[in-house]
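Student: Heads up: the sequence shown runs through residues 39 to 156, numbered per the numbering used here. Here a beta-carbon is modelled for each residue, glycine too, at the ideal position from N, C-alpha and C.
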Amino acid sequence: MTKNKVWIAGLVALVVIAMLLLAGSPSVKANDQPSSASAEVKIDNFSFGPETIKVSVGTTVTWTNRDDIPHTVVSTDGVFKSKVRDTDEKFSYTFTKAGTYPYFCSVHPKMTGKVVVQ
Ligand SMILES: [Cu+2]
39 MTKNKVWIAG
49 LVALVVIAML
59 LLAGSPSVKA
69 NDQPSSASAE
79 VKIDNFSFGP
89 ETIKVSVGTT
99 VTWTNRDDIP
109 HTVVSTDGVF
119 KSKVRDTDEK
129 FSYTFTKAGT
139 YPYFCSVHPK
149 MTGKVVVQ
């Protein structure tokens, strides 16, 4: 009987510890997650502004076409590619790896920009 009680007490302690760990893990995860950062690039007057933008890994960059002419946002290395964006239309891409991502507008290839992910 007494041995059984000790065993049960140990089991209960284990369950309590497991529950504490489980309860604690979401907040740990939330702290570890890179804040869902975002950055904006405006397309206006046939240019991307800012032309070079530096962001941290996990950042979602949103391009907004403020021009009255359709544009696209196309990665030079094929990492991302928007459809033709008309006035006030947006395109977003989340950068999950560090690196330099040059891009251009496929309608006007002289329009270029760069996203630097650190
Ligand atoms: Cu364009």
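Consult DSSP for K135 and reduce its assignment to one of helix, strand or coil.
Tutor: For K135, the secondary structure class from DSSP, reduced to helix, strand or coil, is coil.
Student: I think V122 touches V145, with their Cβ atoms under 8 Å apart; what is that distance to the nearest whole Å?
Tutor: 7 Å
Student: Let me confirm a value: S120 is counted as buried when at least 16 other C-beta atoms fall within 10 Å, else exposed. Which label applies?
Tutor: buried
Student: Could you tell me how far apart the beta carbons of T125 and D105 are, in whole angstroms, since I believe they sit closer than 8 Å?
Tutor: Right, their Cβ atoms sit about 7 Å apart.
Student: Please report how far the alpha carbon of C143 lies from the alpha carbon of H109, in whole angstroms.
Tutor: 6 Å
Student: Taking 7 Å as the cut-off, is the CB of V145 close to at least one heavy atom of ligand 1?
Tutor: yes
Student: Short of 6 Å in beta carbon distance, which residues of its chain neighbour S130, apart from the five on each side in sequence? Order them along the chain.
Tutor: T98, T100
Student: Of the choices N83, V117, S76, whose alpha-carbon is the least far from that of M149?
Tutor: N83
Student: Quick check on DSSP: helix, strand or coil for R104?
Tutor: coil
Student: Return the CA-CA distance between P140 and N103, expressed in angstroms with no decimal places.
Tutor: Annotation: P140 to N103 spans about 18 Å, alpha carbon to alpha carbon.
Student: Check H146 in the structure and name its three-state DSSP category.
Tutor: coil
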